[in-house]
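Mind the numbering: the sequence shown is residues 1 to 233 in full-length UniProt numbering, read in order.
No residue lacks a Cβ here, since even glycine has one placed at the ideal position from N, Cα and C.
Accompanying notes for the structure given below.
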Amino acid sequence: MTQTGDASVREQLVRLKEAILNGDAKAAAEAAAILKEKGLQPLEVVNQAIKPAMDEMGKRYERLEAFLPDLVLAGEAAQEALRVILPKEGEESFIKGKVVIGTIYGDIHDIGKNIVAAMLSANGYKIIDLGNDVPPERYVEVAKKEGAHIIGMSCLLTPSMYYMRDVIRKLKEENIRDRFYVIIGGAAVYPDWAKEIGADGWAKDAERAVQLCDALMEKGKELPKPVILGEWR
Ligand code: B12
1 MTQTGDASVR EQLVRLKEAI LNGDAKAAAE AAAILKEKGL QPLEVVNQAI
51 KPAMDEMGKR YERLEAFLPD LVLAGEAAQE ALRVILPKEG EESFIKGKVV
101 IGTIYGDIHD IGKNIVAAML SANGYKIIDL GNDVPPERYV EVAKKEGAHI
151 IGMSCLLTPS MYYMRDVIRK LKEENIRDRF YVIIGGAAVY PDWAKEIGAD
201 GWAKDAERAV QLCDALMEKG KELPKPVILG EWR
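Structural data, given as structure tokens:
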């Protein structure tokens, strides 16, 4: 049972957010461990501390109040907290489907992708994580080799989003487009982009990414595409 209303929980959520903003990985891990011990679910910690901290960092960066080294430290502190709270692979025994996931070519932002991968794994999906800066042909090669059901691409950097189209183009060239559901997400991409490149789905966050994969695996053939879960911005 979770107790987000508990004052000490609120205090730790604030502490975690501050630790990320200060780039203090040790304090972030400590606060995350206390929140886990108090029974908070991973997504509650993500939505109430980690995501807001990273959004705030992005705003500070835009206003020139924070610089790249600050972003790097904040990113590392967030990853440290995630290592503590996210479920580990193998905590689920049943497999709903196989997902090949990665951050698209040219883009090294992987915090959101890691959250999505961990939540899918905790919800019964076998994850093949290609990491970041993934060339379009690599998604296709691994998806074929692994007999994946879903290809998931993350993108936070606008110039990189065009490589997502190349993945779908390559699947079509090889006449295997129908073998995989292709889903996209990450702050740079939006529902109309999913439609434009012919992706099968877009989801706003990790919770909805799980719902999206469930919907596609259960009744993907019948659903009008792309399946859009959540509002953009
Ligand atoms: C942390 C950060 C970094 C860190 C990344 C560390 C890491 N390991 O990821 C570092 C310092 C390395 C970095 C570098 C750069 N960054 Co940066 N960064 C950020 C920042 C502050 C936070 C990103 C983040 O982690 N968000 C938190 C996560 C949880 O959110 P998320 O990724 O959106 O994921 C959620 C959903 O989108 C969804 N989702 C994500 N992936 C997927 C996939 C699927 C399939 C689905 C369904 C859903 C889904 O679920 C997730 C969980 O809910 C953002 C600002 C922002 N507000 O986004 C800028 C930002 C993304 N960065 C930016 C820029 C410009 C850069 C640099 C070019 C800076 C530079 N001058 O060098 C470099 C790029 C390097 C490169 N080649 O990629 C810009 C991008 C602008 C644009 N649209 O093109 C932003 C928006 C900042 C800004 N406002 O200008 N950055």
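Give the straight-line distance between the Cα atoms of residue i and residue j, rounded to the nearest whole angstrom.
i           : j      : result
Tyr162      : Lys38  : 43 Å
Trp193      : Lys204 : 13 Å
residue 234 : Arg138 : Missing from the structure shown is residue 234; the chain here goes from 1 to 233 and no further.
Ile20       : Gly106 : 25 Å
Gly97       : Ile184 : 17 Å
Pro136      : Leu120 : 22 Å
Ala122      : Pro69  : 32 Å
Asp129      : Ala143 : 11 Å
Leu223      : Gln12  : 42 Å
Pro42       : Ala29  : 13 Å
residue 234 : Thr158 : Summary: the structure shown does not reach residue 234, with the chain confined to residues 1 through 233, and so no result is reported for it.
Leu156      : Ala7   : 34 Å
Leu35       : Ile127 : 26 Å
Met57       : Arg15  : 15 Å
Ile101      : Glu65  : 33 Å
Once DSSP output is grouped into helix, strand and coil, what is the label at residue i?
i           : result
Met1        : With a pLDDT of 43 at Met1, under the threshold of 50, the modelled position of this residue cannot be trusted; read the value that follows with caution. Three-state DSSP puts Met1 in coil, outside helix and strand.
Asp107      : coil
Tyr190      : coil
Ile183      : strand
Leu73       : helix
residue 241 : A query on residue 241 cannot be resolved here, the shown segment of the chain reaching from 1 to 233 and no further.
Gly39       : coil
Ala203      : strand
Gly112      : helix
Gly23       : coil
Can you list, in chain order, the residues of its chain whose CB lies under 8 Å from that of residue i, leaving out five sequence neighbours each side?
i      : result
Pro191 : Trp202, Pro226, Ile228, Trp232
Please tell me whether residue i and residue j are closer than 8 Å, where the distance is taken between their beta carbons.
i      : j      : result
Val189 : Ile168 : no
Phe180 : Ala148 : yes
Val116 : Ser154 : yes
Asn114 : Leu82  : yes
Glu80  : Ala25  : yes
Arg165 : Ile197 : yes
Lys112 : Gly230 : Per the sequence presented here, residue 112 reads as Gly, with Lys not at that position. It is not a contact, given that the beta carbons lie outside the stated cut-off.
Bridge partners of residue i, per DSSP?
i      : result
Val99  : Ile127, Ile150
Val134 : Ile104
Grab me the residues of residue i's own chain with a C-beta within less than 6 Å of its C-beta, minus the 5 sequence neighbours each way, in chain order.
i     : result
Gly23 : Leu73, Ala74, Ala77
Leu86 : Pro42, Ala118
Which residues in the same chain have their Cβ closer than 7 Å to the Cβ of residue i, if we skip the five residues on either side of it in sequence?
i    : result
Met1 : Confidence at Met1 is low in this model, with a pLDDT of 43, below 50, so its placement is unreliable and the value that follows should be read with caution. The answer, listed in chain order, is Gly39.
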